[in-house]
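Visitor:
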Amino acid sequence: MSTEQIYELFLQSAGICTDTRAELSNSIFFALKGDQFDGNSFVEDALKLGCRLAITDRKELKDRPGVIFVPSPLLLLQKLARYHRERVNPRLVAITGSNGKTTTKELMAAVLSRKYRVASTRGNLNNHIGVPLTLLSMKDEEVAVVEMGANHAGEIAELAAIALPEAGVITNVGKAHLEGFGSLQGVLDAKGELYDFLAAHEGKALVDGSDGLLLQKALDSGTNTLVIGPGGDLPVDAELIGQSPCLEVKLTLGEEVHLLNTGLVGSYNLQNMVLAAGVGLYFGVPSGEIASALATYRPLNQRSQLLEGNRNRVVLDSYNANPSSMREAIGSLLTYASSPTMLVLGDMAELGDASLKEHKELVEWIGSLEVDRVLLAGPNFYQVCEPSSSTSVFRERKELEQYLAKDPPEGYLVLVKGSRVMELEKLAPLLND
Numbered sequence: 246m247s248t249e250q251i252y253e254l255f256l257q258s259a260g261i262c263t264d265t266r267a268e269l270s271n272s273i274f275f276a277l278k279g280d281q282f283d284g285n286s287f288v289e290d291a292l293k294l295g296c297r298l299a300i301t302d303r304k305e306l307k308d309r310p311g312v313i314f315v316p317s318p319l320l321l322l323q324k325l326a327r328y329h330r331e332r333v334n335p336r337l338v339a340i341t342g343s344n345g346k347t348t349t350k351e352l353m354a355a356v357l358s359r360k361y362r363v364a365s366t367r368g369n370l371n372n373h374i375g376v377p378l379t380l381l382s383m384k385d386e387e388v389a390v391v392e393m394g395a396n397h398a399g400e401i402a403e404l405a406a407i408a409l410p411e412a413g414v415i416t417n418v419g420k421a422h423l424e425g426f427g428s429l430q431g432v433l434d435a436k437g438e439l440y441d442f443l444a445a446h447e448g449k450a451l452v453d454g455s456d457g458l459l460l461q462k463a464l465d466s467g468t469n470t471l472v473i474g475p476g477g478d479l480p481v482d483a484e485l486i487g488q489s490p491c492l493e494v495k496l497t498l499g500e501e502v503h504l505l506n507t508g509l510v511g512s513y514n515l516q517n518m519v520l521a522a523g524v525g526l527y528f529g530v531p532s533g534e535i536a537s538a539l540a541t542y543r544p545l546n547q548r549s550q551l552l553e554g555n556r557n558r559v560v561l562d563s564y565n566a567n568p569s570s571m572r573e574a575i576g577s578l579l580t581y582a583s584s585p586t587m588l589v590l591g592d593m594a595e596l597g598d599a600s601l602k603e604h605k606e607l608v609e610w611i612g613s614l615e616v617d618r619v620l621l622a623g624p625n626f627y628q629v630c631e632p633s634s635s636t637s638v639f640r641e642r643k644e645l646e647q648y649l650a651k652d653p654p655e656g657y658l659v660l661v662k663g664s665r666v667m668e669l670e671k672l673a674p675l676l677n678d
C-alpha cells in the first residue's frame, strides 16, 4: 500500500497513536520500536481497544484483519508527516538549541497566535518520532512552530527534511548531550544543520545578533540571515529592570517601548523573549500584540515555573539540565534572592565521559557561591561531592524525598533543577505545601 493510500486512510481516522494507553478509538496505531519497548507486542491490544488500523513490520501479523505490513513503521510515519505537512502547507519555523528551546517555542507560539492560527510542538515531542506526530496533528493552521531536539549528529538534518521549515532559530549552544556529540564543537555543528538546510532550501536563519558564535555559523552556512537585536533586521531589545522574582522588562520593538511585568523567572529568559519577539516581527505580528503576549505568558511545564507555597517559594525547573543551564539558573536565582536560598539539584544526564568532571566542576563552583543550603541527588553528584554542614548528598531521588518528608524546609527561595530522568518535580509537594 502506498504512502498516498495510507494517507487517505489517515484522513478518515481520528489520528495517529503510538501508545495503547492513549485514546485509541478509530485511530491508526504505529508499532514503533525503542530501547525499552517494541510496539509490535501491542498490535493485538491496539486493535481490540478500537484502533482502525495497525502498522507493523512483523510478518507473522500481516494477515491479521486491520493490519498493514510495512518494512519500517517509523519511516512510514515520517513520510506520512512530510506528506501531510506539504498539504496543510503552513508557514513553518523550526527551533533548536542546547537550552531554552521549549520555553522559546511556547513564547513564539503565544506571540504568533495573536495574528494566526498556530500549531506548535506539544510538550517535548521534538525527536524523530515527536516531530512527525506534531506535523500529523495539524489541521488547517496558518503557522507552525516545530521544536527539534537532537542527541547525535545528523538528527536535525533529518528532522528539517521532514518538517521543511521556511525559517529557523537556534537558541544557543552549550554543554548538552556531550555523550552523542563529543564536544562543544560537535554540538555547534549538529545544531548548525538547521542553518545548512535553510541555506539549501532558500530559507531564513533568524539569529540573535548578540551571539557571535551562532551569527558566524549562520553566515558561514550561506543561508539568508536576519539579525534579531538592536539595529538589526528585526529590531528587538530587552532590558531587565527588576526581578521579584518574575522579570520586569523594558522591551523595545523598533521605535516602540513597552514595560512588561512578566510571569517568567530567570534572567536567561530575556534572550528567549528577544527571540520570540524577533520571530513575531518576522511574521508581521503588531508590536503591541507581541508585547502583550510576552507579558501574559505563564509557564506551566516545569520550566522556570514559580510555585508560591506556604513554606517556601519554589522555582521548578526540573524538566532538563546540563552544565550550561545549571549555571544560568543558579546564577539568576542568586541575583534576585531576598530570602535564604536552597538548591535542590539532580544529576545531569547524557554527558558521556565528561559526566563526573562536569558534576565535580559544578559542585566546586557552587561551593564558591553564597548559598544557604544545597541538596544534591543522583549517582554522579554522590561520587563527586562530600557532605558538609550546608550540603547534603543522596544517591538517588527517593532518598532525598524521604529526607525532605522528615525535615521539611521553611522560609527558602528554592531552585529545583535536574535532568528529566531524575523526576525532581516529585519533590515539589514536599517543598511547597
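Reminder that position 63 of the sequence shown reads as 308 in this note's numbering, one-by-one numbering, no gaps. Here a beta-carbon is modelled for each residue, glycine too, at the ideal position from N, C-alpha and C. Quick caveat, the model's predicted, so the values are computed rather than measured.
Buried or exposed: where does A566 fall if 16 or more other Cβ atoms within 10 Å of its Cβ makes it buried?
Guide: That one is buried.
Visitor: Which class does L672 belong to by DSSP, given the choice of helix, strand or coil?
Guide: Correct three-state label for L672: helix.
Visitor: How far does the alpha helix (DSSP H) with N557 in it extend, from its first residue to its last?
Guide: Where N557 is concerned, there is no enclosing alpha helix (DSSP H), given that its DSSP letter is neither H nor E.
Visitor: What do you get for F502, buried or exposed, if any count of 16 or more other CB atoms within 10 angstroms of its CB means buried?
Guide: For the sequence presented, residue 502 should be read as Val rather than Phe. Classified as exposed, V502 has fewer than 16 neighbouring CB atoms from the shown chains inside 10 Å of its CB.
Visitor: Can you give me the C-alpha to C-alpha distance between T507 and P674, rounded to a whole angstrom?
Guide: Using only the alpha carbons, I get a separation of about 25 angstroms.
Visitor: Are E331 and H373 closer than 8 angstroms when you measure CB to CB?
Guide: Contact flag unset, no.
Visitor: Determine the DSSP secondary structure at V616, reduced to helix, strand or coil.
Guide: coil
Visitor: Entirely within the segment 520-603 and at least 4 residues each: give me those alpha helix (DSSP H) ranges in chain order.
Guide: 532-541 and 568-581
Visitor: Flag this pair as yes or no: are the beta carbons of H329 and L381 separated by less than 8 angstroms?
Guide: Cβ atoms of H329 and L381: closer than 8 angstroms.
Visitor: Under a three-way DSSP split, which group does R332 fall into?
Guide: helix
Visitor: Starting from the C-beta of N271, find all residues in its chain whose C-beta is less than 7 angstroms away, skip the five residues before and the five after it, and write them out in chain order.
Guide: S258, A259, G295 and R297
Visitor: Specify the secondary structure class of V418 as computed by DSSP and reduced to three states.
Guide: coil
Visitor: Assign T636 to one of three DSSP states: helix, strand, or coil.
Guide: T636 falls in the strand class under three-state DSSP.
Visitor: Rounded to the nearest angstrom, what separates E609 and L601 at their Cα positions?
Guide: Rounded to the nearest whole angstrom, the C-alpha separation of E609 and L601 is 12 angstroms.
Visitor: Let me confirm a value: R266 is counted as buried when at least 16 other C-beta atoms fall within 10 Å, else exposed. Which label applies?
Guide: exposed
Visitor: Hey, would you say A574 sits closer than 8 angstroms to K662, going by beta carbons?
Guide: yes
Visitor: Name the two residues that bound the continuous beta strand (DSSP E) containing D453.
Guide: Under the DSSP assignment, D453 falls in the beta strand (DSSP E) whose first and last residues are K449 to D453.
Visitor: Name the one or two DSSP bridge partners that D283 has.
Guide: Under DSSP, D283 takes part in a beta bridge, and its partners are K278.
Visitor: Measure from the alpha carbon of G477 to the alpha carbon of each residue in L545, V356 and L498, then state which is nearest.
Guide: L498
Visitor: When you compare each of L520, A364 and A412 to I535 by their alpha carbons, which one comes out closest?
Guide: Checking every option, the nearest Cα to that of I535 belongs to L520.
Visitor: What number of angstroms, rounded off, separates the C-alpha of G597 from the C-alpha of V481?
Guide: 38 angstroms
Visitor: Got a sec? Which residues, its chain only, sit under 8 angstroms from P653 by beta carbon, not counting five neighbours each side?
Guide: R556, L675, L676 and D678
Visitor: CA-CA distance, F282 and L485?
Guide: Computed Cα separation, rounded: 46 angstroms.
Visitor: Taking Q647 as part of the alpha helix (DSSP H), name the residues at either end of that continuous run.
Guide: Note, Q647: alpha helix (DSSP H), R642 to K651.
Visitor: Helix or strand or just coil, what does DSSP make of Q488?
Guide: Correct three-state label for Q488: strand.
Visitor: What distance in whole Å lies between the Cβ atoms of L471 and K449, which are believed to be in contact at a cut-off of 8 angstroms?
Guide: 6 angstroms
Visitor: In the DSSP output, which residue or residues are listed as bridge partners for L439?
Guide: Among the bridge pairs identified by DSSP, L439 is matched with none.
Visitor: Could you give the DSSP three-state label for S270: helix, strand or coil?
Guide: coil
Visitor: Give a yes or no on whether the C-beta atoms belonging to C630 and L621 are separated by under 8 angstroms.
Guide: yes
Visitor: Restricting to Cα atoms, I'd like to know which of V659, G368, L337 and R309 is closest to A412.
Guide: The candidate whose alpha carbon is nearest that of A412 is L337.
Visitor: For G474 versus G454, is the C-beta spacing smaller than 8 angstroms?
Guide: yes
Visitor: Taking the beta carbon of D562 as the centre, do at least 16 other beta carbons fall within 10 Å, making it buried, or is it exposed?
Guide: buried
Visitor: Taking the straight line between their C-alpha atoms, what separation do you get for A299 and I340?
Guide: Distance between the alpha carbons of A299 and I340 is about 32 angstroms.
Visitor: Quick one: Cα of T416 to Cα of G342, how far?
Guide: 5 angstroms
Visitor: Between which two residues does the beta strand (DSSP E) carrying K662 extend?
Guide: L658 to K662
Visitor: Considering just the uninterrupted stretch of the beta strand (DSSP E) at I374, what are its terminal residues?
Guide: Note, I374: premise wrong, no beta strand (DSSP E); not H, not E.
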